[in-house]
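Chains as they are written, first to last, in this note's numbering: chain U, -19 to 555; chain V, 57 to 226. Here a beta-carbon is modelled for each residue, glycine too, at the ideal position from N, C-alpha and C. Please read these numbers as outputs of a predicted model, since none were measured by experiment. In what follows, a single structure is set out as structure tokens and then discussed.
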Amino acid sequence: MSNRNAKNKIQQAMNYTLSGLSPDAFLAERVIGRAQTHHGEKIMKKKLSGSLVFALILTIVLVTGAFAFTNWDKLRGYFEAVRVMDTEGVLARWSDEDKIKLLSAMAEAGIVSPDEERVKIALDDARPLAERASAANDIITQRYGEDYFDSHTVEQMEFPEAERSPEEQESFGQWSQAYWRQWGDDSQQKRPLTEGRIYRATMNNLTEVGEFPRSLIRDVQVTNAWDDKEQVYLVTASIKKDIYLASKQGPDQASLFDPGFMGYESGDSFCFQFWLDKYGAFLGIKDPHSPEARAKLSLEEAQPIAEKALKVRLNVDAETLNNLPLRAFFSDSGEYISEEGRFRAACTFIWGPEGDARYMVDIDAQTGRVIQAFDWHETNTMMEKEKQWMAELKDLVREAGASETLTNQQGQYIWNWSLAERAAWSQVARPVVHRYLADHPDFAQYLEDVLALRYGRSSDWPNLISLTQHAYGTPDDQAISQEKAFERARAVALERGANQRYVDDNKSHTFFYDVTDPARPLWKVLVSLSFGDGDAAHPYIATAPLGYFVVMDAHTGEVIRVVERTLNTDIRDIV
Amino acid sequence: MGDDRGQSAIHQARLHAMVTQHQGTLLKVCYAYLLNAEEARDAVQETFLKAYLHMANFRGDGSEKSWLIKIARNTCLDMRRSAWFRRVDKRVCLEDLPIPAAPAVSEEDMTLTAAVLNLPPKLKDAVILYYFQNLSMQETAEILGISQPSVSSRLNRARKKLKTQLEGEA
Chain U
-19 MSNRNAKNKI QQAMNYTLSG LSPDAFLAER VIGRAQTHHG EKIMKKKLSG
31 SLVFALILTI VLVTGAFAFT NWDKLRGYFE AVRVMDTEGV LARWSDEDKI
81 KLLSAMAEAG IVSPDEERVK IALDDARPLA ERASAANDII TQRYGEDYFD
131 SHTVEQMEFP EAERSPEEQE SFGQWSQAYW RQWGDDSQQK RPLTEGRIYR
181 ATMNNLTEVG EFPRSLIRDV QVTNAWDDKE QVYLVTASIK KDIYLASKQG
231 PDQASLFDPG FMGYESGDSF CFQFWLDKYG AFLGIKDPHS PEARAKLSLE
281 EAQPIAEKAL KVRLNVDAET LNNLPLRAFF SDSGEYISEE GRFRAACTFI
331 WGPEGDARYM VDIDAQTGRV IQAFDWHETN TMMEKEKQWM AELKDLVREA
381 GASETLTNQQ GQYIWNWSLA ERAAWSQVAR PVVHRYLADH PDFAQYLEDV
431 LALRYGRSSD WPNLISLTQH AYGTPDDQAI SQEKAFERAR AVALERGANQ
481 RYVDDNKSHT FFYDVTDPAR PLWKVLVSLS FGDGDAAHPY IATAPLGYFV
531 VMDAHTGEVI RVVERTLNTD IRDIV
Chain V
57 MGDDRGQSAI HQARLHAMVT QHQGTLLKVC YAYLLNAEEA RDAVQETFLK
107 AYLHMANFRG DGSEKSWLIK IARNTCLDMR RSAWFRRVDK RVCLEDLPIP
157 AAPAVSEEDM TLTAAVLNLP PKLKDAVILY YFQNLSMQET AEILGISQPS
207 VSSRLNRARK KLKTQLEGEA
């Protein structure tokens, strides 16, 4: 289920299925009524005499000893202590002394009883620090959980918003705002950045993305630096490699620290970085592999190169460009770098209004080489022409009695045909295509221009053109067998580093018998290493080739050419 | 006083508009969290009450819908924290779903809905907000208090889980 697909399906399913929930026609009136009752209650309370209030409170205190635990005034002192701890990063660093300090505040607020054995141990100055901290840790984690916590968590757990009276809520709100106002900001939404907030943002991301062992949370070190130009904090989280690697359950367990994901190595640590705004709001994770991070040229440096490329290649002058809006950004180009398992980073420049781009240039963000520069209007025009040419050509191929869709009657695509079937097709289709190209030199020229990246379309030719470059036939008496040819191709692939299991498990190796030069027929074997997306036993390896195309003399078995198939390999080079 | 009354009339008019526009949505969202139609209605009423009382706090820097959904979600989470709720087995079977008003709801839709409602809470949270309520990645991340990659990760995990679950039942 793709993302978009999931959205549509889930919306439809849930909207239909839950359509029977009947709305309340008088809901607004009920809400207003309840709101007015809230005010009414307040007025009634004001009318109560002071002595009656005192009597009532006394009664409550006498009736229930639990009153002290819900007493906002008592909690206020505790919350004050916890907020300071959060602000100063105490809760983040979480040393033995910090644990005892927190427990002491809990006891003072009456949240834990000073008579409890473990509390006594924790607060006993005469005992060793480790023993006291261990006791404090037991109590704290039992109450607040084992992961980590912050002042907000503590406040919600000890004094749940839902259980506060309107007066308590108001008093709490005033206290909370006054606390944060120390930083000159009245808004509770935009609290100033504290070490606790930085730590919390780190933990949120670590524990949500990928599988980061919670037991290592306090082994993560966090530092931050203010970027005055961008007005953001760049936070760096790091963990010692040996600690992290020792915790890994297997290669599939990954977190933001993994260099294959968002992490990078620095000395003896794995790190990742993210941005926070000046109030601590999370802005995003810095991808160390993003095109921008890999770029060695700035956009400003690359722009003159792009402009020159348009001038030289398409004769576009500076004035034309100056009159068009420009968008410049870093992007992944169409060039795949197998060794890195990612696309080459590019500085991309698009001139023209959004929705009607005119010129586009991709510059290699590391070397400044022009990857492609083209006129979008011309591209669109040519692609329309290509459609017409191909429609005419397909009609001719079909009329000649060959499949123009490259699909046989069993619905198999041409890769899966038998050698004989492909030979028969080739005999009919190839002359038709060649004749058409000879009759339409502008189409033939266009195909050459596509290869030279003159247009903003993929450099792949239509498969019908690619598959009629060569004549296909069936092996003659002197040819080595298909099995023998595969054996040789397999050996070549393994020599070049192909994963043997991937080779042997694959059922989609493809064989061509090329008789373009009848005096020297060729076996062409595509040793495939790619499996479907959902194949858990053979996951996609970004840095490995998708296959090896091995061309050999059909009579002698001599290997003539080997092509490593990557995402950049055109079909025309492996047929 | 005059100002208060004027303000109150404005708020009441706005409440009426909000209820008309969002009641249906919030009912479904609250049902998804609470799995009980009556409790969902209570939660929706509570949501609108909170919204009405804090209308002045809505600063308009996000959509009204996402503001209401945020309140509704918090209300549902508070209700779910109650001792009673924790004791009740809240797994959903097809026959537990409300009788649909829309004619001819397919069994496939009902099965998918039940599968979504039975997702682990964190995954369900992300699916309800992003997929079902069509909130943006940023709005979803803000409501859940997590990063956008985290939302994305939860959605991926949810999709995988739904796929496994639905294929398992086929």
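- Taking one beta carbon from each stretch, the stretch 498 to 508 of chain U and the stretch 396 to 407 of chain U have fewer than 3 pairs nearer than 8 Å; the two do not touch.
- Three or more beta-carbon pairs separated by less than 8 Å are not found between the stretch 333 to 348 of chain U and the stretch 417 to 425 of chain U, which leaves the two stretches without contact.
- Within the stretch 56 to 96 of chain U, no run of beta strand (DSSP E) at least 3 residues long lies entirely inside it.
- Excluding sequence positions up to five before and after residue 203 (chain V), its CB lies within less than 7 Å of the CB of 197, all in the same chain and listed in chain order.
- For residue 145 (chain U), no alpha helix (DSSP H) segment is defined, and its DSSP state is neither H nor E.
- Inter-segment contact for the stretch 250 to 269 of chain U and the stretch 286 to 301 of chain U is absent: fewer than three beta-carbon pairs are separated by less than 8 Å.
- Counting other Cβ atoms within 10 Å of its Cβ, residue 206 (chain U) stays below 16 and is therefore classed as exposed.
- Your pair residue 254 (chain U) and residue 237 (chain U) does not check out as a contact, with CB atoms roughly 12 Å apart and the cut at 8 Å.
- Here the stretch 170 to 186 of chain V lies against the stretch 79 to 96 of chain V, with 3 or more beta-carbon pairs under 8 Å apart.
- Taking C-beta separations shorter than 8 Å and ignoring five residues to either side along the sequence, the partners of residue 397 (chain U) in its chain run 388, 405, following chain order.
- Close partners of residue 525 (chain U) in chain V (Cβ separation under 7 Å) are lacking, with about 27 Å as the shortest Cβ gap.
- The beta-carbon of residue 169 (chain V) is placed less than 9 Å from the nearest beta-carbon of chain U.
- Every beta strand (DSSP E) of 3 residues or more that sits fully in the stretch 186 to 256 of chain U is shown, in chain order, as 201 to 207, 212 to 220, 244 to 246, 249 to 256.
- Scanning chain V for C-beta atoms nearer than 8 Å to the C-beta of residue -8 (chain U) yields 165, reported in chain order.
- Pairing residue 507 (chain U) with residue 448 (chain U), the inter-Cα distance amounts to about 21 Å.
- Any Cβ of chain U closer than 9 Å to the Cβ of residue 205 (chain V) would place that residue at the interface, and such an atom is present.
- Selection U:96, U:80, U:350 evaluated against residue 109 (chain U) yields U:80 as nearest (Cα-Cα).
- Closest option to residue 315 (chain U), judged by alpha-carbon separation, among U:352, U:85, U:471: U:352.
- DSSP places residue 311 (chain U) within a strand segment (E or B) once states are collapsed to three.
- For residue 356 (chain U), there is no enclosing beta strand (DSSP E); the enclosing alpha helix (DSSP H) covers residues 356 to 379.
- At a Cβ-Cβ threshold of 9 Å, residue 207 (chain V) and residue 193 (chain V) count as neighbours.
- DSSP, read as helix, strand or coil, puts residue 6 (chain U) in coil.
- Where residue 325 (chain U) is concerned, the enclosing beta strand (DSSP E) starts and stops at 322 to 331.
- For residue 508 (chain U), the beta-bridge partners assigned by DSSP are U:527.
- In the DSSP assignment, the residues bridged to residue 492 (chain U) are U:504.
- Residue 264 (chain U) belongs to the set of residues whose beta carbon lies under 9 Å from a beta carbon in chain V.
- The continuous stretches of alpha helix (DSSP H) do not include residue 343 (chain U), which lies in the beta strand (DSSP E) extending over residues 339 to 344.
- Judged by their CB atoms, residue 209 (chain U) and residue 245 (chain U) are not nearer to each other than the 9 Å cut-off.
- With a threshold of 9 Å between beta carbons, residue 97 (chain V) makes contact with chain U.
- Under the three-state reduction of DSSP, residue 555 (chain U) is assigned to coil, being neither helix nor strand.
- Put simply, the stretch 530 to 548 of chain U touches the stretch 456 to 469 of chain U. At least three CB pairs are less than 8 Å apart.
- Where residue 481 (chain U) is concerned, the enclosing alpha helix (DSSP H) starts and stops at 480 to 485.
- Its chain contains 219, 223 as the residues whose beta carbon lies nearer than 6 Å to that of residue 199 (chain U), once the 5 sequence neighbours on both sides are disregarded; these appear in chain order.
- Around the Cβ of residue 450 (chain U), a 10 Å sphere holds 16 or more other Cβ atoms; the residue is buried.
- Across the stretch -1 to 12 of chain U, CB contacts with chain V closer than 7 Å involve -1, 0, 1, 3, 4, 7, 8, 10, 11, 12, in sequence order along the chain.
- In the DSSP secondary-structure assignment, residue 387 (chain U) is bridged to U:393.
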